[in-house]
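Participant: Positions 8 to 345 (the working numbering) are the ones given, in order, by the sequence shown. Each residue gets a CB set at the ideal place from its N, CA and C atoms; glycine is no exception. Here the structure is a predicted model, which means the values were calculated and not measured. Below: one structure in structure tokens.
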Amino acid sequence: MQTNRRNLLKIAAAGAIGSALPFGFAGNAFAANKRIAMVVKNLGNTYFDACAEGAKQAAAELGGIDIIYTASTKPTAEEQIAVLDALVAQKVDGLIISANDPSALIPVCKKAAERGIKVISFDSAVAQEGRIMHLNPSSTALIGAKQVQMIAKTLGGKGEVAILSAASTMTNQNSWIEAMKEEWKKPEYKDMPLVTTVYGDDQDDKSYREMQGLVKSFPNLKGVISPTTIGIRSGAKAIVDGGLAGKIFITGLGLPSEMKDYVLKGACDTFAIWNPIEYGYAATMVLGSILNGADAGPGKTVKMGKKGEAMVADNGEAAMGEPFVFDKSNVEKFAKIF
Ligand code: RAM
């Protein structure tokens with residue numbers, strides 16, 4: 008399926024170039040290859056592997072771009088700064104960063120900018136002073152609210168709920184949790200209290216143990232929201248292993264390919280996510296246009312190739328599109344794609 012999709016993209020890209028040729032091909036291809044490094048939270052995260060696949064598709068479409076997909080082993084700011092330092096020393100042309108900490112990365116990002124390296128963030132934002140712009144997958148308010156709505160629907164609005172997050176320093180999870188708490192203020196959630204937030208640090212073993220800890224500490228727990236693909240898959244595994252499927256439900260942000268079995272086993276009713284391949288593609292298209300001289304400052308419109316355009320807000324952030332919701336009716340179909 009992935010191969011089919013890739014071939015289709017190739018055909019679409021070839022078609023676009025073909026039709027542009029009679030008018031003189033004014034594409035984006037660079038004279039000498041530019042190097043863009045996509046630096047994600049850590050290695051071994053399938054969500055980011057899918058983002059990198061999209062980045063490579065964008066690079067092929069743009070022409071003249073090499074993608075370096077890299078990260079540290081652990082998702083910490085310290086290790087991420089070391090990776091970024093090395094890339095600055097290698098004088099890459101651009102950086103697309105998913106930050107493990109918004110402010111700790113500012114100095115290395117500023118150093119990169121001083122050396123002419125174009126820095127943007129995606130997924131988990133670098134603080135505004137450290138990057139040209141940030142591309143969100145979707146509206147932060149919507150992603151937060153959606154997750155509360157999903158668990159409320161599953162539980163009929165009744166029962167204790169906890170949050171199992173990634174690391175406590177990660178920008179994206181923290182802003183989604185803030186947005187969840189906003190949604191939670193609505194009267195319809197009065198019988199569905201948020202009892203605690205715990206952190207699995209985007210590590211499977213820690214997330215699994217945190218989920219087991221929640222079950223022990225809160226005997227009346229009915230639901231868990233995990234706004235991370237690592238947290239939701241490990242939490243769901245702990246539910247199934249503990250014989251709790253159908254008694255405790257997990258929702259949040261997951262990959263259909265990793266959540267399919269847990270949905271079919273009843274540990275998860277619904278979950279959401281955007282297409283990570285398209286997201287990596289969109290972020291790379293934006294950086295490609297910046298390398299071509301585009302202004303991506305507040306108030307400007309950025310181009311995301313086949314994903315269209317997005318407006319950069321005053322905080323230097325833009326959003327790609329809407330998240331999709333998955334359940335047993337569609338999870339198997341999308342599991343073949345991402
Ligand atoms: C994990 C990471 C990533 C986040 C997704 C939803 O893979 O924490 O940053 O966007 O989950």
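By DSSP's criteria, F333 is part of a beta bridge. Which residues make up the other side?
Facilitator: Answer by DSSP bridge pairing, in chain order: F278.
Participant: Assess contact between the stretch 173 to 182 and the stretch 192 to 203, defined as three or more Cβ pairs (one per stretch) separated by less than 8 angstroms. Is contact present?
Facilitator: Judged by Cβ distances under 8 angstroms, the stretch 173 to 182 makes no contact with the stretch 192 to 203, as fewer than three pairs qualify.
Participant: Closest by CA to Y286, which one among T80, S79 and S131?
Facilitator: Looking at the Cα atoms, S131 is the closest of the given residues.
Participant: According to DSSP, is M187 part of a helix, a strand, or is it coil?
Facilitator: Looking at M187 - three-state DSSP - the assignment turns out to be helix.
Participant: Report yes if the C-beta of S131 is less than 8 angstroms from at least one heavy atom of the ligand RAM; otherwise report no.
Facilitator: Yes, the beta carbon of S131 sits closer than 8 angstroms to at least one heavy atom of the ligand RAM.
Participant: Could you check if M266 belongs to the surroundings of the ligand RAM, using beta carbon to heavy atom distance under 8 angstroms?
Facilitator: Flag unset: Cβ of M266 not near the ligand RAM.
Participant: Given a cut-off of 9 angstroms, decide if N282 and F345 are closer than it, judged by their beta-carbon atoms.
Facilitator: Contact: yes.
Participant: Alpha carbon to alpha carbon, what distance is there between V293 and R122?
Facilitator: Going from the Cα of R122 to the Cα of V293 covers about 20 angstroms.
Participant: Looking at the structure shown, is D302 part of a helix, part of a strand, or coil, going by DSSP?
Facilitator: DSSP places D302 in coil when its eight states are reduced to three.
Participant: Select from Y196, P194 and T236 the residue whose C-alpha is nearest the C-alpha of D211.
Facilitator: For D211, the nearest C-alpha among the options comes from T236.
Participant: At the level of alpha carbons, what is the spacing between Q154 and K310?
Facilitator: So the two alpha carbons sit approximately 29 angstroms from each other.
Participant: Taking the alpha carbon of I75 as the point to measure from, which residue in E86, A93, E85 and A84 has its own alpha carbon closest?
Facilitator: Nearest option by C-alpha distance: A93.
Participant: Run through DSSP, which three-state label would M327 get?
Facilitator: Note: M327 maps to coil in three-state DSSP.
Participant: In whole angstroms, what separates the C-alpha of I24 from that of E68?
Facilitator: With a pLDDT of 30 at I24, under the threshold of 50, the modelled position of that residue is not reliable, and the figure given next carries that caveat. Their backbone Cα atoms lie some 9 angstroms apart in a straight line.
Participant: Is Q210 a contact residue of the ligand RAM, with contact defined as CB to any heavy atom under 8 angstroms?
Facilitator: No; taking the cut-off as 8 angstroms, the Cβ of Q210 has no heavy atom of the ligand RAM nearer than that.
Participant: Under 9 angstroms, do R240 and L262 count as touching if we go by C-beta distance?
Facilitator: Closer than 9 angstroms, so yes.
Participant: Could I get the ranges of all uninterrupted alpha helix (DSSP H) runs contained in the stretch 80 to 129, with 4 residues as the minimum, in chain order?
Facilitator: Segments of the alpha helix (DSSP H) lying fully in the stretch 80 to 129: 84 to 96 and 113 to 121.
Participant: With 16 as the cutoff for other CB atoms within 10 Å, does T277 come out buried or exposed?
Facilitator: The residue in question, T277, is buried, as its Cβ has 16 or more Cβ neighbours within 10 Å.
Participant: What is the DSSP secondary structure of K267, counted as helix, strand or coil?
Facilitator: DSSP places K267 in helix when its eight states are reduced to three.
Participant: Any idea which residues DSSP pairs A169 with across the strands?
Facilitator: For A169, which the question treats as bridged, DSSP gives the partners T203 and V231.
Participant: Indicate whether the contact test is met: 3 or more Cβ pairs, each with one atom in the stretch 313 to 327 and one in the stretch 80 to 95, closer than 8 angstroms.
Facilitator: They do not touch, by the three-pair rule.
Participant: Is L260 helix, strand or coil by DSSP?
Facilitator: Strand, per DSSP.
Participant: Within this structure, are the beta carbons of G295 and I257 separated by less than 9 angstroms?
Facilitator: Cβ atoms of G295 and I257: not closer than 9 angstroms.
Participant: Are the Cβ atoms of W183 and P109 separated by less than 9 angstroms?
Facilitator: Result no, Cβ atoms of W183 and P109 do not sit closer than 9 angstroms.
Participant: Taking the beta strand (DSSP E) that L142 belongs to, which residues open and close that run?
Facilitator: Per DSSP, L142 belongs to the beta strand (DSSP E) from H141 to N143.
Participant: Hey, I350 and E136: beta-carbon distance below 9 angstroms or not?
Facilitator: Missing from the structure shown is residue 350; the chain here goes from 8 to 345 and no further.
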